[in-house]
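Chemist: Structure provided below as structure tokens; questions to follow.
Residue numbers (this note's numbering): 207 to 370.
Written out as structure tokens, the structure reads:
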């Protein structure tokens with residue numbers, strides 16, 4: 207039986223809500239800072255989530271470019287295959303939706319791939335922010351296009367400012 211635990215971590219671009227259990231991290235989503243006032247935030251980070259908080263902190267401190275966490279995203283087999291492929295996009299690089307679809311072996315599935323990207327439950331760690339439009343445009347991002355832009359600039363080595 208799962209013992210899903212939750213914690214919150216303040217990032218430069220919002221509050222990360224992290225959920226997981228002994229089977230791995232199930233979700234990392236982003237909330238706006240004003241959501242903090244209505245949340246019941248635990249005083250201590252649950253054991254299963256401590257390493258995720260540590261690695262996210264290192265990512266935002268520019269000392270981590272890859273994550274080494276046990277992941278357990280919940281989705282269909284197709285969605286999971288798309289999310290697995292996202293893990294192959296290196297830090298600081300982008301891939302177009304068409305390139306992503308080609309990597310999965312079916313260029314006709316571009317809409318389904320884009321939809322699965324949009325349902326990615328593990329923000330930043332499964333890097334759907336690294337997928338851009340064929341013309342390089344920052345299309346669609348569940349966390350907001352401004353966050354996608356911030357993350358891509360962060361990974362390019364550009365000097366970032368905290369926006370909250």
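All residues carry an ideal CB built from backbone N, CA and C; glycine is no exception.
Computed from a predicted model, the values in this text were never measured in an experiment.
1. Here's the rule I'm using: 16 or more other beta-carbon atoms within 10 Å means buried, otherwise exposed. How should residue 352 be labelled?
2. List, from N- to C-terminal side, the alpha helix (DSSP H) runs of 4 residues or more that fit wholly inside the segment 258-318.
3. Is the Cβ-Cβ distance between residue 356 and residue 219 less than 8 Å?
4. Using the C-alpha atoms, what's the distance from residue 326 back to residue 185?
5. What does a CB cutoff of less than 6 Å around residue 292 pick up in its chain, not counting 5 residues either side in sequence?
6. Would residue 401 and residue 213 be called neighbours here (beta carbons separated by less than 8 Å)?
7. Determine the DSSP secondary structure at residue 223, reduced to helix, strand or coil.
8. With a threshold of 16 other CB atoms inside 10 Å of the CB of residue 336, please say whether the residue is buried or exposed.
9. Can you list, in chain order, the residues of its chain with a C-beta nearer than 7 Å to that of residue 347? Leave out the 5 residues immediately preceding and following it.
10. Taking residue 216 as part of the beta strand (DSSP E), name the residues at either end of that continuous run.
11. Could you name each continuous alpha helix (DSSP H) segment of 4 residues or more that falls completely within the segment 325-363, going from the start of the chain to the end?
12. By how many angstroms is the C-alpha of residue 215 removed from the C-alpha of residue 370?
Modeler: So, from the data block:
1. exposed
2. 283-292, 303-310
3. yes
4. There is simply no residue 185 to check, as the chain begins at 207 and stops at 370 in what is shown.
5. 332, 333, 334
6. Here the chain comprises residues numbered 207 to 370, so residue 401 is not present and cannot be evaluated.
7. strand
8. buried
9. 335, 353, 354
10. 211-217
11. 351-362
12. Residue placement at residue 370 is flagged as unreliable, the pLDDT there being 39, under the threshold of 50; a coordinate-derived value is accordingly withheld.
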